[in-house]
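First up is the structure itself, then whatever we jot down about it.
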Amino acid sequence: MNKKWWQQAVIYQIYPKSFMDSNGDGIGDLPGIISKLTYLKKLGVDALWLSPVYQSPQVDNGYDIADYRHIDPMFGTDEDMYRLISLAHAQGLKIVMDLVANHTSDQSVWFQESRKSRDNYFSDFYIWRDAKSDGSEPNNWGSNFGGSAWEWEPQRQQYYLHYYAKQQPDLNWENLRVRQYIFDMMRFWKAKGVDGWRMDVITSISKDQRFQDNPNPFKQTYVTGNQDNGPRMHEFIHDINREVLSPFEMMSVGESPSSTSFDARKFVDPDREELDMVFTFEHMHVDRKPHGRNGRWDLQPLDLVALKQILSSWQTNLWQHGWNALYFENHDRARVTSRWGNDQQYRYESATAFATVLHGLQGTPFIYQGEEIGMTNPNFEINDYEDIELLTNYREIVQEKQTMTKAEFLAAAHKISRDNARTPMQWAPTSNAGFSSGHPWFKLNPDYTTVNVQNDQSNERSVFAYYQKLIELRHRSQILVAGTYQLNCPKNTRIFEYERIYQGVKWTIIANLSNDELSISTYFPNKKYHKFILKNYKDRKDLECNLRPWESFIIEQEI
Ligand code: GLC
Ligand code: CA
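In this note's numbering, the protein residues as written are 7 to 565.
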């Protein structure tokens, strides 16, 4: 198999604001990342994806970009970024940046000009529409951060569209100049040495130009949804590929919230020349009530059968037609040990069990900062949270519509809010977890006195050491990269088990994703000729004893 670098790679996501603060202002920064390159090298990852570090008023933590070509002073200087790229490269680490091209900040020069009048150079850089005759918004589209997706601009006497905060106006991709500006900017970063892109909500860039109302089953004032897969989306993405990705050999992974594995083939089948990989949300919604009126906050217990079915459909449907991006955590997701595992009694076991399940699959695994030491969700009070999505949703759902109580909302936030993953990285049991010598921009998870890099690395049961082994396996075992996939016992509600086969060798990956002890003979009736490749219970030597809570391992068998 002729593999691309990212097919044998493990990619590490950094949320710069919360990673490492070098100058004591409480905000993580680029020199902070540079100071941790040795740590990342020791972990063994191949590439770093940085959440946005461009100039930004930080309404949505940098996903509102005012200037794509410069670094926000809070993170350092442009030179710091160039230095990070070259020092990372010197250590064999690639750099992936975040391409936020569905929208900019309202502080960007483009928008500042666009809002002034209907007939200047930038007028059509954004999506402007007249009010209805009664002065109301052009349609019922809702913003993901609450309220209408339209905001009135007095200077221009028109509404502009924003799928996210009103400080994040959506770009008009119908305008060729916009596309060219974005392509130029991507080439600019290529020239600085950047190796690839994670593409923020890339499936939203094409808007249906009819601008019709969304279906409104709950009779709401504004309705979110229908933001993905617009009529020209594939054409625009193909353009990005032809203009930038292919000629300049840049890796791409697109955020594609509503994709199923069938939709995904249209993005990632190499013949179509679009993207290398996509991040779906499908497998992350298995603990969400379908069609609930409170959207992401309407939770249900994890449906493991559905999780297995979805991950397996991606394995099967992309087989030889594309490549998977594998993740459980990122800056928009909670900590998997708290969300689906047991972050108390079995923190080490459940963190490593989920890691085994994910890293055994075909695709490129993404590790989110702190996942490699089994960081957990903090159970914050409402006033401790920072995230614009959580705060606007809270106001709307609990205070205005009152479709959830505060206690219900908080219980959901403790499980799934985006802020769960954004607390500062926990390096040491010392003040501010070794993240900053100043006052951190965001509250630390109080468990840092026990859960931190220093403790983990000196612990016999180290999550970090387990990740090191998983990454090393990915590097040296073709079976993980190229082996076939088959799910076993699909209906079992506690066990995740599958097989990978390559050149006469079979690996079985098994994880008990429950607090119960389970009889092993059901899963391995034939107890002979097994060799353990990896395990999270040290005393596991054969297949005689039961599967302990959250126990997982990989075993090899010749076939
Ligand atoms: C993506 C980002 C998220 C951001 C949103 C708007 O979903 O991952 O953090 O708020 O897009 O840019
Ligand atoms: Ca700083």
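Every residue, glycine too, gets a C-beta built ideally from N, C-alpha and C.
Please read these numbers as outputs of a predicted model, since none were measured by experiment.
With distances taken between CA atoms, H445 lies nearest to D27 out of D27, Q492 and Y170. Boundaries of the alpha helix (DSSP H) around P37: L36 to S41. Excluding sequence positions up to five before and after G510, its CB lies within less than 8 Å of the CB of E564 and I565, all in the same chain and listed in chain order. In terms of Cα proximity to L493, the closest of V363, I485, D176 and I39 is V363. Between the alpha carbons of S24 and P37 lies a distance of about 13 Å. Assignment of beta-bridge partners to A107 by DSSP yields no partner. Along the stretch 50 to 93, the beta strand (DSSP E) occurs as fully enclosed runs of 3 or more residues at 53 to 56 and 73 to 77, listed in sequence order. I20 sits close to L56, with the two beta carbons spaced by under 8 Å. R506 is bridged by DSSP to Y491 and W513. DSSP places S423 in the coil class of the three-state scheme, outside both helix and strand.
Relative to N300, the option among M257, L317, I403 and N385 whose CA is nearest is I403. Within the stretch 250 to 333, the alpha helix (DSSP H) runs of at least 4 residues that lie entirely inside it are, in chain order, 267 to 274 and 310 to 323. With 16 or more other CB atoms across the displayed protein chains lying within 10 angstroms of its CB, A155 is buried.
Every unbroken stretch of the alpha helix (DSSP H) spanning 4 or more residues and falling wholly within the stretch 433 to 476 is given here in chain order: 459 to 464.
Between the C-alpha atoms of G347 and L519 there is a straight-line separation of about 7 Å. Per DSSP, the unbroken alpha helix (DSSP H) holding M192 starts and ends at L182 to A197.
Every residue whose beta carbon comes nearer than 6 Å to a heavy atom of ligand 2 appears here in chain order: D27, S28, N29, D31, I33 and D35.
Look at the beta carbons and you see the stretch 106 to 114 touching the stretch 168 to 185: at least three pairs across the two are nearer than 8 Å. The stretch 420 to 439 makes contact with the stretch 385 to 404: 3 or more CB pairs, one atom from each, lie closer than 8 Å. In the displayed model, Q563 falls within a strand according to three-state DSSP. Check the Cα spacing between P307 and each of V469, Y473, H337 and R345: the tightest is with R345.
No Cβ-Cβ contact shorter than 8 Å links R353 with A427. Excluding five sequence positions before and after A517, the CB atoms of its chain that fall closer than 6 Å to its own CB belong to A359, T362, V363, F502 and S558, given in chain order. Per DSSP, reduced to three states, the secondary structure at V404 is helical. Taking the Cβ of E355 as the reference point, every heavy atom of ligand 1 lies at 7 Å or farther away.
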